[in-house]
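Undergrad: According to our numbering, the sequence shown is numbered sequentially starting from 238. All C-beta atoms in this analysis are idealised placements derived from N, C-alpha and C, irrespective of residue type, glycine included.
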Amino acid sequence: MTFQFASRMQHVGPSAIRELLRLGADPDVISFGGGYPDASLFPTDALSRLFRDVLEARGATALQYTVSNGIAPLRAQIAARARRDGIACDADQVLILNGGQQGLDLVAKMMLDPGDVVITEDPTFLGALVAFAPYEPRYRAVRMDDQGMDTDDLLRVLQAGPRAKFLYTVPDFQNPTGVTMSLPRRRRLLELAREFDLLVLEDTPYRALRFEGEAPPTLKSLDTDGRVIHLGSFSKLLAPGLRLGWAIAGDELIQRLGLLKLAGDTQCGTLAMEVVSRFLDGYDLDAHVERIRRTYRRKRDVMLRTIEACFPPHIAFTRPQGGMFTWLTFPAGFDAARFMAETMLPRAKLAYVPGESFFPVAGRANHARISYSTQDEDTIVRGMTLLGGMLTEALG
Numbered sequence: 238m239t240f241q242f243a244s245r246m247q248h249v250g251p252s253a254i255r256e257l258l259r260l261g262a263d264p265d266v267i268s269f270g271g272g273y274p275d276a277s278l279f280p281t282d283a284l285s286r287l288f289r290d291v292l293e294a295r296g297a298t299a300l301q302y303t304v305s306n307g308i309a310p311l312r313a314q315i316a317a318r319a320r321r322d323g324i325a326c327d328a329d330q331v332l333i334l335n336g337g338q339q340g341l342d343l344v345a346k347m348m349l350d351p352g353d354v355v356i357t358e359d360p361t362f363l364g365a366l367v368a369f370a371p372y373e374p375r376y377r378a379v380r381m382d383d384q385g386m387d388t389d390d391l392l393r394v395l396q397a398g399p400r401a402k403f404l405y406t407v408p409d410f411q412n413p414t415g416v417t418m419s420l421p422r423r424r425r426l427l428e429l430a431r432e433f434d435l436l437v438l439e440d441t442p443y444r445a446l447r448f449e450g451e452a453p454p455t456l457k458s459l460d461t462d463g464r465v466i467h468l469g470s471f472s473k474l475l476a477p478g479l480r481l482g483w484a485i486a487g488d489e490l491i492q493r494l495g496l497l498k499l500a501g502d503t504q505c506g507t508l509a510m511e512v513v514s515r516f517l518d519g520y521d522l523d524a525h526v527e528r529i530r531r532t533y534r535r536k537r538d539v540m541l542r543t544i545e546a547c548f549p550p551h552i553a554f555t556r557p558q559g560g561m562f563t564w565l566t567f568p569a570g571f572d573a574a575r576f577m578a579e580t581m582l583p584r585a586k587l588a589y590v591p592g593e594s595f596f597p598v599a600g601r602a603n604h605a606r607i608s609y610s611t612q613d614e615d616t617i618v619r620g621m622t623l624l625g626g627m628l629t630e631a632l633g
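Put into structure tokens, the structure is as follows:
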């Protein structure tokens, strides 16, 4: 039988994300690839009590349909936390999402016709490229350095045209590099967005996971004319299995995104929203996040110390101040995917994410993303020591 698929399906195929999920589920593989939170930090006891309490006290409501933009108490709680972070908003400007990933899909669906231009960092979050692909965009990539997106290069990209529909950025502990955009670059990015009338999609799943230093303001908090859509998620703060995130935007944008969400899935799960709202009411989320930060900071320190001690000196790596990732840069000509497939997996059952698929325009094979969040400290030391030894054999 021959099916006549829509043309967009030419742009939808297997990705590194599916392979990461497969490796993450293989108990024989020590994976430093997927951006998985440490499951030992999930507030399992509290959530168990809350699910039981909500079902006993409000079962008929919690298992019923509800409003498509999310239950009012949770939207109000998210808006209150956003105001603490400098974002001027109210509950009506919050849309509850099935994870931050849904926000990427909805914005692309709202903004893109085939052939439209999206500007991204180079490299950028692979999940965003997967979400945008069905809408058939073209990409313009802006180079990165240790201060985040290079706004001088952004100006070059904007001047070269054609006009882009939106710019996508992960400004805090970027996925995949772990780099944070500096405050001067945030301000300059918004100046350019105003000059070129550009929508900005700000993705912030790691923002709360800062280990040191002062957090620069969000792009949304610096937004004076309503052109920033701000995405956040409970996946890294509570648990990804809850599948709850949010978008914050001005009235027109949030209403249009809400219509698309209604068409796509009607609503997020009422039970999960009720439970998370009660968690925010009855538990100290900030204290819980501080525990996560302390744990990840120790893991980051262990990973970077081991890399420094065991890797060949000509391999560069980023030093993130938070988040979940460091980014490896190997010498030119090194193929990180081939090395993992032919050496790491067969010899040591180790995995990372080869970096080539994070580049939206021209892939570069000599990079890899490594996560320190999932494995315990002893496994990090063992894994990085093994990897360093194999790299030394391969590169000298």
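Is the CB-CB distance between Leu719 and Trp483 below 9 angstroms?
TA: Summary: the structure shown does not reach residue 719, with the chain confined to residues 238 through 633, and so no result is reported for it.
Undergrad: Return the residue from the list Thr566, Val539 and Asp538 that minimises the CA-CA distance to Pro549.
TA: Among Thr566, Val539 and Asp538, the Cα nearest to that of Pro549 belongs to Thr566.
Undergrad: Pick out the complete alpha helix (DSSP H) segments inside the stretch 541-608, 4 residues or longer, and give them in chain order.
TA: The qualifying runs are 573-576 and 582-585.
Undergrad: Measuring alpha carbon to alpha carbon, tell me which residue in Thr507, Asp615 and Glu527 is nearest Val291.
TA: The option with the nearest alpha carbon to Val291 is Thr507.
Undergrad: Using 8 angstroms for Cβ pairs, my map puts Ala408 next to Glu439. What's the rounded Cβ distance?
TA: Checking the displayed sequence, the identity of residue 408 turns out to be Pro instead of Ala. Confirmed, about 6 angstroms.
Undergrad: Looking only at its own chain, which residues have a Cβ that is under 8 angstroms from the Cβ of Phe288, when we skip the five neighbours before and after it?
TA: The residues are Leu508 and Val512.
Undergrad: What do you get for Gln396, buried or exposed, if any count of 16 or more other CB atoms within 10 angstroms of its CB means buried?
TA: Result: exposed.
Undergrad: Leaving out five residues before and five after Gly625 in sequence, what residues of the same chain have Cβ atoms less than 6 angstroms from its Cβ?
TA: If we look at Gly625 and ignore the five residues flanking it on each side, its Cβ neighbours are Cys547 and Phe548.
Undergrad: Answer with buried or exposed for Phe242, where buried requires no fewer than 16 other C-beta atoms within 10 angstroms of its C-beta.
TA: Answer is exposed; the Cβ neighbour count stays below 16.
Undergrad: By DSSP, does Leu435 sit in helix, in strand, or in coil?
TA: The answer is coil: DSSP assigns Leu435 none of H, G, I, E or B.
Undergrad: Closer than 7 angstroms by C-beta to Ile485: which residues in its own chain qualify, once you throw out the five before and the five after it? Chain order, please.
TA: Excluding sequence neighbours, Ile485 sits near Ala319, Ile324, Cys326, Gln330, Val331, Lys457 and His467.
Undergrad: Quick check on Ala294: does DSSP put it in helix, strand or coil?
TA: Helix at Ala294.
Undergrad: Express the C-alpha separation of Arg515 and Thr298 in angstroms, rounding to a whole number.
TA: If you take the alpha carbons of Thr298 and Arg515, they lie about 14 angstroms apart.
Undergrad: Measure the alpha-carbon distance for Phe240 versus Pro264 and round it to whole angstroms.
TA: Going from the Cα of Phe240 to the Cα of Pro264 covers about 37 angstroms.
Undergrad: Figure out for me which residue from Lys346, Gln314, Phe571 and Cys505 has the closest Cα to the Cα of Ala631.
TA: The shortest Cα separation from Ala631 among Lys346, Gln314, Phe571 and Cys505 belongs to Phe571.
Undergrad: Would DSSP call Tyr533 helix, strand or coil?
TA: Tyr533: helix per DSSP, three-state reduction.
Undergrad: Closest by CA to Ile353, which one among Ala345, Asp434 and Leu427?
TA: Looking at the sequence provided, one finds Asp at residue 353 rather than Ile. Per the Cα distances, Ala345.
Undergrad: Between which two residues does the beta strand (DSSP E) holding Arg380 run?
TA: Taken as a continuous stretch (DSSP letters only), the beta strand (DSSP E) holding Arg380 covers Arg375 to Asp382.
Undergrad: Should the stretch 386-394 be regarded as contacting the stretch 361-369, the criterion being three or more beta carbon pairs within less than 8 angstroms?
TA: Touching, no.
Undergrad: Which value, in whole angstroms, describes the spacing of the CA atoms of Pro454 and Asp342?
TA: Spanning the two alpha carbons is a distance of roughly 25 angstroms.
Undergrad: Measure how close the beta-carbons of Pro274 and Lys473 come, nearest whole angstrom, since I'm counting them as under 8 angstroms.
TA: With a Cβ gap of about 6 angstroms, Pro274 and Lys473 count as contacting.
Undergrad: Do Val526 and Tyr609 have their C-beta atoms closer together than 9 angstroms?
TA: Result no, Cβ atoms of Val526 and Tyr609 do not sit closer than 9 angstroms.
Undergrad: Run through DSSP, which three-state label would Leu446 get?
TA: Looking at Leu446 - three-state DSSP - the assignment turns out to be coil, as it is neither helix nor strand.
Undergrad: Near Thr303, which residues of its chain fall below 7 angstroms by C-beta distance, leaving aside the five closest residues on each side in sequence?
TA: Cβ neighbours of Thr303 beyond the five flanking positions: Gln504 and Thr507.
Undergrad: By alpha-carbon positions, which one of Gly398, Leu363 and Ala365 ends up nearest to Arg377?
TA: Of Gly398, Leu363 and Ala365, the residue nearest in Cα terms is Gly398.
Undergrad: What is the rounded straight-line gap between the Cα of Ile315 and the Cα of Met238?
TA: If I take the Cα positions, the gap works out to 49 angstroms.
Undergrad: Report the partner residues of Val331 according to the DSSP bridge assignment.
TA: According to DSSP, Val331 bridges with Ile485.
Undergrad: Within a Cβ cutoff of 6 angstroms, which residues of the same chain sit near Leu517, ignoring the five residues on either side of it in sequence?
TA: Contacts found: Gln314.
Undergrad: According to DSSP, which residues form a beta bridge with Ile267?
TA: According to DSSP, Ile267 bridges with Leu587.
Undergrad: What distance in whole Å lies between the Cβ atoms of Thr414 and Pro597, which are believed to be in contact at a cut-off of 8 angstroms?
TA: Not a contact, Cβ separation roughly 14 angstroms.
Undergrad: CB Val394 to CB Arg375, shorter than 9 angstroms?
TA: Cβ distance not < 9 angstroms, so Val394 and Arg375 don't count as in contact.
Undergrad: Assuming contact is defined by CB atoms lying nearer than 9 angstroms, are Gly337 and Thr611 in contact in what I supplied?
TA: Result no, Cβ atoms of Gly337 and Thr611 do not sit closer than 9 angstroms.
Undergrad: In whole angstroms, what separates the C-alpha of Asp282 from that of Arg601?
TA: Straight-line Cα distance between these residues: approximately 44 angstroms.
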